[in-house]
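These notes concern the structure reproduced below.
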Amino acid sequence: MIQRIKCGVGNAYIVSQGGSAILVDTGTAAFKRRILRACRGKNIRLVVLTHGHYDHAQNAAFLARELGVPVAMHPADVPLLGDILAEPLEGAHPVARLLIGILNLSTRAGFRWIGVFFRNKPFEAAIDLHDGFSFVDYGVEARAVALPGHTRGSIGVVAGDGLLAGDALTNLLPPPGKAALYGDRAAVQESAARVSAMGDMMVWFGHGKPAKNREW
Numbered sequence: 002m003i004q005r006i007k008c009g010v011g012n013a014y015i016v017s018q019g020g021s022a023i024l025v026d027t028g029t030a031a032f033k034r035r036i037l038r039a040c041r042g043k044n045i046r047l048v049v050l051t052h053g054h055y056d057h058a059q060n061a062a063f064l065a066r067e068l069g070v071p072v073a074m075h076p077a078d079v080p081l082l083g084d085i086l087a088e089p090l091e092g093a094h095p096v097a098r099l100l101i102g103i104l105n106l107s108t109r110a111g112f113r114w115i116g117v118f119f120r121n122k123p124f125e126a127a128i129d130l131h132d133g134f135s136f137v138d139y140g141v142e143a144r145a146v147a148l149p150g151h152t153r154g155s156i157g158v159v160a161g162d163g164l165l166a167g168d169a170l171t172n173l174l175p176p177p178g179k180a181a182l183y184g185d186r187a188a189v190q191e192s193a194a195r196v197s198a199m200g201d202m203m204v205w206f207g208h209g210k211p212a213k214n215r216e217w
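All letters in the sequence shown, in the order written, are residues 2 to 217 by my numbering.
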């Protein structure tokens, strides 16, 4: 079962099977208590990050400590935990370009105070995710799938007939489509094609409501 936890414009997810569950993404600091409440009684055994950006990883340290579980993510995204611009971002949509401008301001002298909103609390990702990684050892029949482009280490989680796509795809500005922000545009296209080839399933986005899979 996939449970969506709305966190403002973002989402965190609990993937449950039997008496075990994993938490996928952790939202921003404003929603840490909401996510923790949703996790209570679910026997969360692992925190999984689809990528290293603050809006998905900001509560990882807090939730891992409160739940007493490790954190898993792709090692290529570890540098993003300390600097969201460790991998430069591009975007075609005006809103995406505005966000990039704000992020750039946060790195300049005199504007570094802005960066406090985009920081992650330090933690160590104890488990390295890779394409095909199985979560069976954590009680859930699900697997990781590499979906690079938004970031080098972006991954999705396939669970039953659903895909948690992180920011490889987005439904923040309808209609649903490919990542609005990206480090590698060609890789975004390839990852979107990989999702399309998965066929009939629901896609659960890092931002926005779920939608049926399609030709992205």
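Every residue, glycine too, gets a C-beta built ideally from N, C-alpha and C.
Beta strand (DSSP E) runs contained entirely in the stretch 57-88, provided each spans 3 or more residues: 72-74
Inter-residue spacing [alpha-carbon to alpha-carbon] between A198 and R46: 30 Å
N- and C-terminal bounds of the alpha helix (DSSP H) containing L104: 95-106
Proximity of G28 and Q59 at Cβ, strictly below 9 Å: yes
CB-CB length for A181 against T171, believed under 8 Å: 5 Å
Exposed unless 16 or more other CB atoms sit within 10 angstroms - verdict on H220: The displayed coordinates of the chain run from 2 to 217. Any statement about residue 220 would go beyond what the structure contains.
CA nearest to the CA of A73, picked from S107, A126, L90, A30: A126
Secondary structure of S197, DSSP reduced to three states: helix
Contact under 9 Å by Cβ, G143 with H131: The sequence given here has Ala at residue 143, not Gly. Cβ atoms of A143 and H131: not closer than 9 Å.
Local conformation of H153 per DSSP, three classes: A small correction: the amino acid at residue 153 is Arg; His does not occupy that position in the sequence shown. Coil at R153, not helix or strand.
Spatially closest choice to I156 from F206, K43, A61, P71, by CA coordinates: F206
Cβ-Cβ distance between A22 and V137 below 9 Å: no
Nearest to T108 (by Cα), restricted to the options P89, V96, A93: P89
Backbone secondary structure at L130 - three-state DSSP: coil
Among F124, G92, I15, the one whose alpha carbon lies nearest that of A39: I15
Option in R41, A30, A31 with minimal Cα separation from L24: R41
Alpha-carbon to alpha-carbon, Y55 and G92: 18 Å
Beta-ladder partner(s) of W205, from DSSP: L165
Residue nearest to P123 in terms of C-alpha spacing, selected from A62, L165, R98: A62
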